[in-house]
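Residue numbering for the sequence shown is 32 to 271, as defined by the working numbering.
Just below is one structure, and these are the notes that go with it.
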Amino acid sequence: MKLKVLILHQTLKRTDEVLADYRLYMTEPHIVHTLNEALARLDRNHYSLIVVEVAPPWKYAAEPVVVLRSTTTIPILALMRGRDAESFQKCLEVASDCVWEPFVADEIIARGLALVEQSVFDRVSTAAAPVKSFYSNGLLISFEFRQVHYLEYEIRLARKEYGILKLLAEHKNHVLSKEQIYTRVWHDDFIENVDGVVGYQIHNLRKRLAQYTDIEYIENVWGEGYRFCDGGFKRIQRCI
């Protein structure tokens, strides 16, 4: 059984021999080295399996697995470096399966095949739930659960702050006027001070995001409105 597999291979250390064995079983093994590359590949291809290297501690290794799990229903097989039991257990809560180091090619291939077969069975048995999330440079918005995370940290937003962030993210890189934002988030007729009301909420939203990252995601386009810059920018820069 040949598979089309996406491999997120970040450390470039001691897994080349395992990847060589993978190639015997895969029609198109796509090896990438960053999370952004992996997400771009997922946008353009259909894969049967995702393989991700994970290096403890989990708090620093979680982002690729968490983001990929929130982005797709494709089974994820994590290759866990070291023997950190706590990281291994937390990884299992997110990934479809996890394998300890040292990595044995036959075991990894068998686990991968089992995950793919189970995934096919699940798709036939029940319709897969739609994925409802948005990711941009560390910022993850779960539309389904109305939650926002930066890396592993949850950012608690007020209702209007979340509504504005969700709206701008859904229209990333496009400018929305304050009137458009007010109409869609407040679901109300115009009030006299739309600029002040919307501007105040965006000011609060930026302050909350700034508690977790120095990346700006929301740009003020003078005379036009606001836009979500996909990938973000440093505060001294502007969205390109």
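Even for Gly, the Cβ is constructed at its ideal location relative to N, Cα and C.
The region 123-132 contacting the region 106-113, beta-carbon criterion three pairs below 8 Å: A contact exists between the region 123-132 and the region 106-113.
Neighbour-count burial assignment, Gly256, 16 or more Cβ in a 10 Å radius: As a working note, residue 256 is residue 225 in the sequence shown. With 16 or more other Cβ atoms inside 10 Å of its own Cβ, Gly256 counts as buried.
Helix, strand or coil at Gly169 according to DSSP, with G and I counted as helix: Translated into positions along the sequence shown, residue 169 becomes position 138. In the structure shown, Gly169 sits in coil (DSSP, three-state: anything other than H, G, I, E or B).
Expected contact under 8 Å - CB spacing of Lys197 and Phe174 to nearest Å: As a first step, residue 197 is located in the sequence shown; it is residue number 166 there, counting from the start. As a first step, residue 174 is located in the sequence shown; it is residue number 143 there, counting from the start. Contact holds; Cβ gap of about 6 Å.
For Gly143, the residue or residues it bridges with in DSSP: Here the question's residue 143 lines up with position 112 in the sequence shown. Gly143 pairs with nothing; no bridge assigned.
Nearest neighbour of Ala200, chosen from Phe165, Gly169 and Tyr213 [CA to CA]: Here residue 200 refers to the residue found at position 169 when the sequence shown is read from its first residue. Across the set Phe165, Gly169 and Tyr213, the C-alpha of Phe165 shows the shortest separation from the C-alpha of Ala200.
Val125 CB to nearest heavy atom of the ligand HEM below 6 Å: Only the bare structure without any ligand can be found here, which leaves the ligand HEM out of the picture.
Residues bridged to Asp128 [DSSP beta-bridge criterion]: Along the sequence shown, one-based indexing puts residue 128 at 97. Paired residues: Leu108.
Residue environment, His205, which counts as buried when at least 16 other CB atoms sit within 10 Å: Translated into the one-based positions of the sequence shown, residue 205 becomes position 174. Flag for His205 reads exposed.
Bridge partner(s) assigned by DSSP for Gln242: Counted from its first residue, the sequence shown places residue 242 at position 211. Answer is none; Gln242 lacks a bridge partner.
Distance between Asp219 and Leu99 (C-alpha atoms, nearest Å): Position 68 of the sequence shown, counted from the start, is the residue given in the question as residue 99. Position 188 of the sequence shown, counted from the start, is the residue given in the question as residue 219. If you take the alpha carbons of Leu99 and Asp219, they lie about 36 Å apart.
At least three beta-carbon pairs within less than 8 Å, the region 184-198 to the region 236-248: Enough Cβ pairs lie closer than 8 Å, so yes.
Sequence-distant residues of its chain with Cβ nearer than 6 Å to Ser150 (five each side left out): One-based indexing of the sequence shown puts residue 150 at position 119. Excluding sequence neighbours, Ser150 sits near Pro106.
Identity of the residues DSSP links to Val85 by a beta bridge: Locating residue 85 in the sequence shown gives position 54, where the first residue counts as 1. Paired residue(s): Met111.
Sheet register partners of Ser164 (DSSP bridge): To locate residue 164, count along the sequence shown from 1; it is residue 133. In the DSSP assignment, Ser164 is bridged to Ser173.
Extent of the continuous alpha helix (DSSP H) to which Glu2 belongs: Because the chain spans 32 through 271 in this model, residue 2 falls outside it and cannot be assessed.
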